[in-house]
Each structure stands twice: as structure tokens, then as C-alpha cells.
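Novice: After the C-alpha cells below, expect a handful of questions from me.
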């Protein structure tokens, strides 16, 4: 696995999974240039498919799709610990763990987003070495797979991004063998 290629993939996915705005739509040509530089043809194809679909949609439609997919979709929520813990006390422990783990690796999370927000996790993965990336994603791979399963009905454009993430994690050898209760 090419770490730089994986890091770029995670950074692109993080960017594309943020709340859509006109700047995102306007940046698609530049994003496609970055995608073209990726080595993995499978990952590249998924991200290109997403971008091609974005180019054909209005901002209003894109925002509506995002809200219906991630904000109202309990099974497609981008807050990965929410899927398994809801608002229970255990979720607070997971959030604290993530924040401390990020800090340990020199990655500061602002108070604007919770540390279990998938774009934040991808941003982290785009800046750290493979070992640190794997430790985090082995804990939450099942959650990402669940999001993917619920998006991949063939119609949701965000399914392409989640599939690209899973392809890249698979290339890195990330498996869901690590339990959340295990210490790192």
C-alpha cells in the first residue's frame, strides 16, 4: 500500500463527505485532478462516479440528498459511535478516547465537530502514519461497513465515497478484529 496515495484518498473522501456547498461543486474539476493522480483504479472509479453525479445535480438537490442520507438516516449517520452507542454513557467514553488518541498523534480536533465524525476521522487518517490509521479504523470498520450496506442500493451518490474508503482500508489490511474495549 502506498501511504501517500492512501493519505490523499482519505483527504479527498473527508472533503467530499463534508456538508455540500457551492464551493464543493465549483471545486469538482480540481478534485477530479487529484483523483486522477491516485494509483488504485477501483478507488479512483468510485470517486470519479461520485464527482460525475455531483456535476449533474443542483446545490439544492445535493444538500437535500446529504440531509436525507446523513442527518435523518439513523443507519447512515456519519457519527460512527452514535450507530453503536446512541446517546448512552459509553459514547462519551468513545468520544473522549478518540479526542485523546488524536491529540497523542498531534492532531487537534476543534469543538465544532465531534471526534467520531467520519470526515474528521478521515482527515486524521490523511495526516498520520499507517499504524495510527489502522488502530482507529479497526475499531470502527464495522460501523463504516454498516453505513456502506445501507447506502449501496445503487442510487445514493454517497455510497461511492464510502465504498472508496472501504477499498482503501482493505488495501491497508484493516480488519474489524479490534474491539472498542481493547486498549491501544
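Residue numbers (my numbering): 66 to 249. Ideal Cβ placement from N, Cα and C applies to all residues, glycine included.
From residue 140 to residue 94, what does the alpha carbon distance come to, in whole angstroms?
Specialist: 31 Å
Novice: In three-state terms, what does DSSP make of residue 144?
Specialist: Here residue 144 sits in strand by DSSP.
Novice: Going by beta-carbon coordinates alone, are residue 231 and residue 210 separated by less than 8 Å?
Specialist: yes
Novice: Alpha helix (DSSP H) containing residue 180: first to last residue?
Specialist: From DSSP, residue 180 is part of no alpha helix (DSSP H); its letter is neither H nor E.
Novice: For residue 248, collect the residues of the same chain with a Cβ closer than 7 Å to its Cβ; drop the 5 residues on either side in sequence, then sort them by chain order.
Specialist: Here the model assigns residue 248 a pLDDT of 47, short of 50, so the residue's position is not dependable, and the following value carries that caveat. Listed in chain order, the non-local C-beta contacts of residue 248 below 7 Å within the same chain number zero, local neighbours out to five positions each way being set aside.
Novice: If you draw a straight line from the C-alpha of residue 109 to the C-alpha of residue 225, how long is it?
Specialist: The alpha-carbon atoms of residue 109 and residue 225 are separated by roughly 10 Å.
Novice: Report the rounded CA-to-CA distance for residue 239 versus residue 208, giving the unit in angstroms.
Specialist: 13 Å
Novice: In the DSSP assignment, find the alpha helix (DSSP H) that holds residue 92 and state where it starts and stops.
Specialist: 87 to 101
Novice: If you run the structure through DSSP and keep just helix, strand and coil, what is residue 76?
Specialist: The answer is helix: DSSP assigns residue 76 an H, G or I state.
Novice: Cα separation between residue 202 and residue 96?
Specialist: 24 Å
Novice: Any chance the segment 126 to 141 sits against the segment 98 to 107, with 3 or more Cβ pairs inside 8 Å?
Specialist: no
Novice: Output yes or no for whether 8 Å exceeds the beta carbon distance between residue 74 and residue 233.
Specialist: yes
Novice: Taking residue 215 as part of the alpha helix (DSSP H), name the residues at either end of that continuous run.
Specialist: 195 to 216
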